[in-house]
Amino acid sequence: MPVTPAENARNTPIFRRDVLAFVTDYAMHEPDFSGTTTEEWDEPQLEDFDTDDLGEVADHFILSSSGFPPENFTDLKLPVVDPAGNLNKNALQTAKSGGHGVGAVEDLDDDKQDNIEDMIDDLANEHFEDADFGD
7 MPVTPAENAR NTPIFRRDVL AFVTDYAMHE PDFSGTTTEE WDEPQLEDFD TDDLGEVADH
67 FILSSSGFPP ENFTDLKLPV VDPAGNLNKN ALQTAKSGGH GVGAVEDLDD DKQDNIEDMI
127 DDLANEHFED ADFGD
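Under the numbering used here, think of the first position of the sequence shown as 7, with each following residue one higher.
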């Protein structure tokens with residue numbers, strides 16, 4: 007009885023599988039803000055903003071996988087400015103070391119991660135008296 011190509015493929019061992027890895031070229035920028043706050047932090051969603059202009063929304067974030075302005079809201083990473091325009095100390099702490107922070111961003115190279123961490127430290131230390139971010 008002849009064997010179909012599909013059956014043959016199921017029964018053929020694979021000795022080599024090439025894997026293609028993609029590295030995301032994230033764009034980083036310093037967020038735009040008008041004040042500061044130490045209020046409790048919840049990561050904002052697009053509907054939390056008074057605008058749907060992604061260029062304006064992007065001013066609240068440090069990182070984008072598609073550049074600034076981003077192509078989609080989901081391209082934005084590491085929000086540190088609340089929808090009201092205030093740099094949030096707790097958001098900076100989350101961006102630095104939280105479960106949704108810089109260490110959790112997929113495909114981020116080490117140099118860019120270091121630069122982002124330095125920016126977070128500088129933002130916190132320059133704008134919050136009691137901040138002690140850094141090494």
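Positions of the beta carbon are idealized from the N, C-alpha and C atoms, including for glycine. Note that the coordinates shown come from a computational prediction; the quantities given were computed from them, not determined experimentally.
- Looking at the backbone, the Cα of S103 and that of G109 are separated by about 7 angstroms.
- Uninterrupted beta strand (DSSP E) stretches at least 3 residues long and entirely within the segment 28-88 occur at 41-43, 67-70, 82-85, given in chain order.
- By the CB criterion at 9 angstroms, L98 and A64 fall outside the cutoff.
- If you draw a straight line from the Cα of H133 to the Cα of T42, it comes to about 7 angstroms.
- When DSSP states are grouped into helix, strand and coil, L98 belongs to the helix group.
- DSSP places L129 in the helix class (H, G or I) of the three-state scheme.
- Within the same chain, Cβ atoms closer than 7 angstroms to the Cβ of K118 are found at Y32, M34, the five residues on either side in sequence being excluded.
- Taking C-beta atoms under 8 angstroms as the contact rule, V87 and P37 qualify, at a distance of about 5 angstroms.
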